[in-house]
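Visitor: Quick one: the structure is below, questions incoming.
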Amino acid sequence: MPRCQVSSGLKRRIGVGLNEHRERAARNALEVEQANERSHVLMEVLRVFSTELDADRLLTTIVACTSKAIQADRSSLFLIDFKTNELWSKVAQGDEIAEIRIPCGAGIVGHVAATGETIRITDAYQDARFDPDVDKNTGYHTRDILCVAMRDETGRIVGAVECINKLNGTFTVEDEDLLDALAVQSNVALRVAHAVQARERQLQQQVIELQIKVDEARQSSQVSEIIGTDYFQYLQAKVAQLKTDVVNRRTRNSERPVEERSHLE
Numbered sequence: 185m186p187r188c189q190v191s192s193g194l195k196r197r198i199g200v201g202l203n204e205h206r207e208r209a210a211r212n213a214l215e216v217e218q219a220n221e222r223s224h225v226l227m228e229v230l231r232v233f234s235t236e237l238d239a240d241r242l243l244t245t246i247v248a249c250t251s252k253a254i255q256a257d258r259s260s261l262f263l264i265d266f267k268t269n270e271l272w273s274k275v276a277q278g279d280e281i282a283e284i285r286i287p288c289g290a291g292i293v294g295h296v297a298a299t300g301e302t303i304r305i306t307d308a309y310q311d312a313r314f315d316p317d318v319d320k321n322t323g324y325h326t327r328d329i330l331c332v333a334m335r336d337e338t339g340r341i342v343g344a345v346e347c348i349n350k351l352n353g354t355f356t357v358e359d360e361d362l363l364d365a366l367a368v369q370s371n372v373a374l375r376v377a378h379a380v381q382a383r384e385r386q387l388q389q390q391v392i393e394l395q396i397k398v399d400e401a402r403q404s405s406q407v408s409e410i411i412g413t414d415y416f417q418y419l420q421a422k423v424a425q426l427k428t429d430v431v432n433r434r435t436r437n438s439e440r441p442v443e444e445r446s447h448l449e
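If you're matching positions, the sequence shown starts at 185 in the numbering used here and goes up one per residue.
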């Protein structure tokens, strides 16, 4: 029986196909691994978010967790003040937490907050929307930027999350997806924290009002107890007798002749 001859061209095509299959399988495995890693990071961030109910501390926690999750050198979270049309953020200055404000539409983060557009750039100084004065004032050098909008449950833009300078390489599409997810969860966590703090303030006010009522009731009870004592009844009777004596004296005095009253006075 004759042997089947395989041409060199077919062998090459088979080899190329096998290599492509192996590369595709390796890419798929890497994508699955990266997806699992992002899910793990997101779950860990959610766990951390859920344990912090103070809004100011939560802002700091969000920024720290975002930098770690995205592997960025720096991150910031800006929220929109709809009354002033400004973006504000809390930053650490020594042991103090200071508030900074910028106009909506200013810089990269302002543009994202105004338009909802996601921005991912590899050279900040080549983008006209970037404000280099920030680097000049701080001495920091911004290289690449990733910034996404933060929306509330209705889809309204309420802020923006910005990451600066990827630690290894540049920001990727996968980083965009993860930062989007973090922005969603950040909004949820902040909403919960604000609701809890509002409820705490309400409860504190109710406690104060209740304490006032208790004090008033206690004072009223004390007054009732005093009024009910025999000694108080004796004093009341004494006062009544004195009033009667004064009235009687005035009556008797008024009935005397004028000369006699003058003499008595």
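Glycine is no exception: its CB is placed at the ideal position from the N, C-alpha and C atoms.
1) Looking at the unbroken alpha helix (DSSP H) that takes in Leu243, where does it start and where does it end?
2) So the alpha helix (DSSP H) Asn321 belongs to, where does it begin and stop?
3) State the DSSP-derived secondary structure class of Asn371, mapped to helix, strand or coil.
4) DSSP three-state call for Gln267: helix, strand or coil?
5) Does DSSP classify Gly343 as helix, strand or coil?
6) Consult DSSP for Gln277 and reduce its assignment to one of helix, strand or coil.
7) Do you know offhand how far Cys331's Cα is from Leu387's?
8) On the DSSP bridge assignment, give the partners of Phe262 in chain order.
9) Quick check on Glu301: does DSSP put it in helix, strand or coil?
10) If I follow the unbroken beta strand (DSSP E) through Arg335, where does it start and stop?
11) Distance, Cα to Cα, Arg285 vs Lys350?
12) Helix, strand or coil: how does DSSP classify His447 here?
13) Is Ala312 helix, strand or coil when you go by DSSP?
14) Identify whether Ala282 lies in helix, strand or coil by the three-state DSSP scheme.
15) Indicate the three-state DSSP secondary structure (helix, strand or coil) for Asp414 in the structure shown.
16) Tell whether a beta-carbon distance below 9 Å holds between Arg304 and Asp328.
17) With burial defined as no fewer than 16 other Cβ atoms inside 10 Å of the residue's Cβ, what is the status of Leu419: buried or exposed?
18) Give the straight-line distance between the Cα atoms of Val229 and Ala379, rounded to the nearest whole angstrom.
19) Between Gly294 and Phe314, how many whole angstroms is the CB-CB distance? I'm expecting something under 8 Å.
Guide: This is what the structure holds:
1) The residue you call residue 243 lines up with position 59 of the sequence shown. Per DSSP, Leu243 belongs to the alpha helix (DSSP H) from Ala239 to Ile254.
2) What you label residue 321 is simply residue 137 of the sequence shown in a count that begins at 1. Per DSSP, Asn321 belongs to the alpha helix (DSSP H) from Asp317 to Thr322.
3) Numbered from its first residue, the sequence shown carries residue 371 at position 187. Helix.
4) Working through the sequence shown from its first residue, we reach residue 267 at position 83. It should be pointed out that residue 267 corresponds to Lys in this sequence rather than to Gln. DSSP places Lys267 in coil when its eight states are reduced to three.
5) The sequence position of residue 343 within the sequence shown is 159, counting from 1. Three-state DSSP puts Gly343 in a strand.
6) To locate residue 277, count along the sequence shown from 1; it is residue 93. Unreliable placement is indicated for Gln277, whose pLDDT of 49 sits below 50; the coordinate value is still reported in the next sentence. Gln277 falls in the strand class under three-state DSSP.
7) One-based indexing of the sequence shown puts residue 331 at position 147. One-based indexing of the sequence shown puts residue 387 at position 203. For Cys331 and Leu387, the distance between alpha carbons rounds to 38 Å.
8) Here the question's residue 262 lines up with position 78 in the sequence shown. Paired residues: Ala344.
9) Stepping through the sequence shown from its first residue, residue 301 is reached at position 117. Correct three-state label for Glu301: coil.
10) Within the sequence shown, the letter at position 151 stands for residue 335. Segment Ile329 to Arg335, the beta strand (DSSP E) holding Arg335.
11) Residue mapping note: residue 285 aligns to position 101 of the sequence shown, counting from 1. Residue mapping note: residue 350 aligns to position 166 of the sequence shown, counting from 1. Those two C-alpha atoms are separated by around 25 Å.
12) As a working mapping, residue 447 is identified with position 263 in the sequence shown. Here His447 scores only 47 on pLDDT, less than 50, and its place in the model should not be relied on; the value that follows carries that caveat. DSSP places His447 in helix when its eight states are reduced to three.
13) The residue given as residue 312 occupies position 128 in the sequence shown. Looking at Ala312 - three-state DSSP - the assignment turns out to be coil, as it is neither helix nor strand.
14) As a working mapping, residue 282 is identified with position 98 in the sequence shown. Strand, per DSSP.
15) Numbered from its first residue, the sequence shown carries residue 414 at position 230. Of the three classes helix, strand and coil, the one that applies to Asp414 here is helix, per DSSP.
16) Within the sequence shown, numbered from 1, the residue matching residue 304 stands at position 120. Within the sequence shown, numbered from 1, the residue matching residue 328 stands at position 144. A contact, by the Cβ cut-off of 9 Å.
17) Here residue 419 corresponds to residue number 235 of the sequence shown, with the count starting at 1. By the 10 Å Cβ count, Leu419 comes out exposed.
18) By 1-based counting over the sequence shown, the position of residue 229 is 45. By 1-based counting over the sequence shown, the position of residue 379 is 195. Cα to Cα, the separation comes out at about 20 Å.
19) The residue you call residue 294 lines up with position 110 of the sequence shown. The residue you call residue 314 lines up with position 130 of the sequence shown. Not a contact, Cβ separation roughly 11 Å.
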